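Chains as they are written, first to last, in this note's numbering: chain A, 691 to 1119; chain B, 691 to 1119.
Backbone N, C-alpha and C define an ideal beta-carbon position, used for all residues, glycine too.
If you're wondering where the values come from, they're calculated on a predicted model, not measured in any experiment.
Here is the structure we will look at, set down as structure tokens.
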């Protein structure tokens, strides 16, 4: 095996598209991931709210890359790098590379309050999603059994920290669950009495979108019973609820369910790259990459996706969204092919096809350059873009069928309260 | 609320069909379950082997019973009974009944070796199924990364304790995974090299079936690469494998994956019924019920499903299968209606429609009285019976579509290695 060895760390959008771009090239590719599947994260909130099952938005990496004989997939966590010897270090072994692509993404960030993690789960993994689903459904179950009105109220109060796309999507789906899905399911409570609060530090929701769409998203949420607290910050979380600070005023809100969509931080390999390869990091721990996505001074090490800060195009970092990661992954894959053939390489350029965020079952906001769309049309575009990707990805036509079926019947078939293995007692929050 | 109060404990096949039989009757029904969903247990092994997602074989109890205004569903675990005051005791409250139906089923039984539970999971809950799925898939992943041939062999050795229907179904599905599903997915191992051993204490597989079908099932398993060890008992399980005793000979088999399908024991409420109502129990902890399924001496307390031992029809206990539980649940529901109208009640009678067990993707054995069928026709009947039930149950036509699709494409879409919430490190067995 004297082939040029490429190691890819991470099988998300960036790593997977890098691998595909190297499929059947004269290189030997090894993709490491801690999980055996690629996750379609943009639909993860639909698992968290019981509309889809985890299996429907995840595909085994082996299956996705099966057709490329030059690619192997290995389950394992890369914990360190040996830059001198060009090796990645796993917990139990090493692997050598000629080119390295790091695509390990980002995780939640509790701004120094890691004790909040247990009280307010974020939404990054399949386990996060089923945990959030468990908490939401359990809250309604507990409210149904609670005779004390004040305690019942706190079971029926949901606080979401963070008014970006994830927070807005979660809040919209929760509004839909309370007003629609569960409408006829309880005898002692009216699920529509649920109070859903969306807390955002900026003065408007969806800060990366233009202000007119932010305002429209807020109005759409209101019609789903979601109240937005703008210019407000969550300053404390305890078992009873959250403390929210607006200006100089602090208020404690009794809420048994708190969800975290407020911040992300680059994954740990950013720090490893800084230590081992002198990679410059930004405040969020992302690697400030060169125009060709390499680590400055290390032409054989590339960073793509949420772990990379690419400021060369607009002066600001590109957003941490799937299209950026995919285009970067593909770019690096092609760059390695071109390098080996001695072809010149031009810098990475992101082609922005537009921004979409969905609000509940038939509303969304969309930005395509100067064109701003809100309401049903935007929602339809959202469905089209996301489900078409899934369909194309692994022949997931059935997910589309299921989705349309659930949409028409207002059904949420995956409404299961499950937990870690071998839980036999009822779950208590 | 002066209506006649019926409390049902457990939302499995027995409890659910009892509730349905009481739907819109002039009684007030409360169904307690520890989980918020009804689980279609006969297809649970398909979750364990990655063919279906948990959400596809589970339905929220609230949704199933929504249309009956006289039935409420409450999430909670009944831990004790107050027979004098006719109340069930939950961990945090009490509920009064006039008639009580106990349908809490059975759990695994490790014959006094509860320390085996962590080493060899059984298959009763959704969490069990995803845990088994995790172990099976992880074993192939670890084998792919293992350079030592002996250790690799032990990752590729799977032992299933128990050759009843569950054990046979698991073994068949595992054979299919190794020989078919994973065939092109690995670079360093051949999944078909996997060794699958089915250990059964009796002298043949599927003891409740007639001997000719047992022999056919064994032959079908052989063609899937499954070897049956008959007249053999698992006498020890450790982290390295199992010790199997055949006659006087003990042998240690190195196997990193051991699954338990060998024994079930009645759920804990059987013991509570014995203590509080003097219910007679059999050796497996099941309640020996009267011909009308009541606890002897307690005409208002009924036991249905796997928790009941009903010997009055054949002299032997009826088997612990879904059709028995469903017919018993329906019988007790109707009995309560008839009692209230002063109508006479005849004893319970089980109508046996036949027995089915499936072996892999296109083989099965079926017994309908004197008619014995094996092979593709039996498999087709099995599909028909099980999927038609699901389709009828909650309009689950999509599961049928997905299933047929998976069958044709030999796909197992739900091949995810997941674990308890917030697991971020790679899973090691």
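- In terms of Cβ geometry, residue 890 (chain A) and residue 853 (chain A) form a close pair [threshold 8 Å].
- Look at the beta carbons and you see the region 904 to 912 of chain A not touching the region 807 to 816 of chain A: under three pairs across the two are nearer than 8 Å.
- Apart from sequence neighbours up to five positions away, the residues of its chain that approach residue 819 (chain B) with a beta-carbon distance below 8 Å are 734, 735, 737, 738, 744, 813, ordered along the chain.
- Listed as beta-bridge partners of residue 992 (chain A) by DSSP are A:791, A:984.
- Contact check for residue 768 (chain A) against residue 778 (chain A) passes: the beta carbons are separated by less than 8 Å.
- Cβ-Cβ distances below 7 Å link residue 1009 (chain A) to 898 in the same chain, with the five nearest sequence neighbours on each side left out; the list follows chain order.
- Residue 961 (chain A) carries a helical assignment under DSSP once its states are collapsed to helix, strand and coil.
- In the DSSP secondary-structure assignment, residue 820 (chain A) is not bridged to any residue.
- Contact annotation for residue 842 (chain B) against chain A: no contact, minimum CB-CB distance about 14 Å [criterion: below 7 Å].
- Listed along the chain, the chain A residues whose CB falls inside 8 Å of the CB of residue 925 (chain B) amount to none; the nearest CB is some 23 Å away.
- The region 988 to 1008 of chain B and the region 784 to 792 of chain B touch, with three or more beta-carbon pairs separated by less than 8 Å.
- For residue 890 (chain A), the enclosing beta strand (DSSP E) starts and ends at 885 to 890.
- For residue 846 (chain B) against residue 884 (chain B), the beta-carbon gap comes to about 5 Å, under 8 Å, which counts as contact.
- DSSP, reduced to helix, strand and coil, places residue 947 (chain B) within a strand of the structure shown.
- The straight-line gap separating the alpha-carbon atoms of residue 953 (chain B) and residue 976 (chain B) is approximately 13 Å.
- In the three-state DSSP reduction, residue 904 (chain A) falls in the helix class (H, G or I).
- By a beta-carbon distance limit of 8 Å, residue 1050 (chain B) contacts residue 862 (chain B). Their separation comes to about 4 Å.
- For residue 806 (chain B), the closest Cβ of chain A is not nearer than 8 Å.
- With respect to residue 947 (chain A), residue 829 (chain A) sits close: the two C-beta atoms are nearer than 8 Å.
- Nearest CB-CB separation between residue 966 (chain B) and chain A: not below the 8 Å threshold.
- Taking a 10 Å sphere around the C-beta of residue 1020 (chain B), we find 16 or more other C-beta atoms and assign the residue as buried.
- For residue 704 (chain B), the uninterrupted alpha helix (DSSP H) run begins and ends at 703 to 711, by DSSP.
- Residue A:1003 holds the alpha-carbon nearest to the alpha-carbon of residue 980 (chain A) among A:962, A:1003, A:973.
- Ranked by how close their Cα comes to the Cα of residue 803 (chain B), the residues B:925, B:715, B:840, B:858 have B:925 in first place.
- Residues of the same chain with a CB within less than 8 Å of the CB of residue 955 (chain A), apart from the 5 flanking positions on each side, are 796, 797, 798, 799, 974, 975 in chain order.
- Residue 915 (chain A) is positioned such that its CB atom lies no closer than 8 Å to that of residue 823 (chain A).
- For residue 756 (chain B), the neighbours in chain A by C-beta distance under 7 Å run, in chain order, 874, 875.
- Under the Cβ criterion of 8 Å, residue 748 (chain B) is counted among the residues facing chain A.
- Around residue 727 (chain A), the beta-carbon contacts reaching into chain B at under 8 Å are 1105, 1106, 1107.
- In the structure shown, residue 773 (chain B) falls within a coil segment according to DSSP collapsed to helix, strand and coil.
- Residue 838 (chain B) counts as exposed, since fewer than 16 other beta carbons sit within 10 angstroms of its beta carbon.
- Around residue 1020 (chain B), no beta-carbon contact reaches into chain A at under 8 Å, the shortest distance being about 24 Å.
- About 46 Å separates the CB atoms of residue 694 (chain B) and residue 903 (chain B); that is not less than 8 Å, and the two are not in contact.
- Contact annotation: residue 944 (chain A) and residue 844 (chain A) have beta-carbon atoms nearer than 8 Å.
- As the crow flies, the alpha-carbon of residue 723 (chain A) is around 50 Å from that of residue 759 (chain B).
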